[in-house]
Amino acid sequence: CLVLAEQQLARIDFCPDDAPLAPLQTIAIEDRSPWRTVLCYYCGRIPVQHHEGPRLRVTVYRVLADFVPTSHGELPPLR
16 CLVLAEQQLA
26 RIDFCPDDAP
36 LAPLQTIAIE
46 DRSPWRTVLC
56 YYCGRIPVQH
66 HEGPRLRVTV
76 YRVLADFVPT
86 SHGELPPLR
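Reading the sequence shown from the start, the letters are residues 16 to 94 in the working numbering.
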């Protein structure tokens, strides 16, 4: 099995649709905290923002064959 977090896919250059993977289940993890820290905390004037929706979402895949992840280009830099 391979478990990938939704936030992780925004930071790495990997497309699970192109790999020999079969999605098994998507799990959303919720919590009661109504706040989240801001990505650019030190560059902005507000350190937290209101949070809505799940805290984390992960997808569990069944690996169907051996594979080596390869890049498909470059991701834009984080701002």
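C-beta atoms are modelled at their ideal positions from N, C-alpha and C, and glycine is treated no differently.
{"Query": "Taking the C-alpha atoms as reference points, what is the distance between Cys16 and Ala43?", "Result": "18 Å"}
{"Query": "Can you look up Pro31 in the DSSP assignment and give me helix, strand or coil?", "Result": "helix"}
{"Query": "Quick check: the Cα distance between Leu36 and Leu71, rounded to an integer number of angstroms?", "Result": "21 Å"}
{"Query": "Find the nearest neighbour of Val63 within the set Val73, Thr52 and Pro69, judged by alpha-carbon distance.", "Result": "Thr52"}
{"Query": "Report the rounded CA-to-CA distance for Pro84 versus Pro38, giving the unit in angstroms.", "Result": "17 Å"}
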